[in-house]
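Residue 7 in this note's numbering sits at position 3 of the sequence shown; the count goes up by one each step and never skips. Yeah, the Cβ is synthetic: ideal placement off N, Cα and C, and Gly gets one too. Structure record follows, encoded as structure tokens.
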Amino acid sequence: MREDQLKTIAQLARELGLSKQGVFYIIDTYNLRDRLIKVPFGRRYMYLVKPSDAELIRKLAKSVKSEEGQGGSR
5 MREDQLKTIA
15 QLARELGLSK
25 QGVFYIIDTY
35 NLRDRLIKVP
45 FGRRYMYLVK
55 PSDAELIRKL
65 AKSVKSEEGQ
75 GGSR
């Protein structure tokens, strides 16, 4: 798969080692839902992510994971 292609939430979740819910948590926490491409898929919708937004989500996921590791330091 080329790096410049759209990715599904499931593909992004696999790359990041998160669940799909985890990826949506990051998307909703940082108000990125409007950047997703919503595609009809049967009776539901499939969300696609642009490569630039996938990179942004990847960076945010790293920062969220590092915050979790500090447990109770606040």
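Buried or exposed: Ile-61, going by 16 or more other Cβ atoms within 10 Å of its Cβ?
Label assigned to Ile-61: buried.
Taking the alpha carbon of Lys-63 as the reference point, which residue from Ile-30, Ala-14, Asn-35 and Gln-25 has its own alpha carbon closest?
Closest option to Lys-63, Cα to Cα, is Ile-30.
Could you tell me whether any non-hydrogen atom of the ligand SAH is closer than 8 Å to the CB of Gln-9?
Within the structure as shown, the ligand SAH is missing, as the structure has no ligands at all.
Taking the alpha-carbon positions, what's the Asp-32 to Arg-39 distance?
In a straight line, the C-alpha of Asp-32 is about 11 Å away from that of Arg-39.
From Leu-10 to Ser-67, what distance separates their C-alpha atoms?
Roughly 23 Å separates the two Cα atoms.
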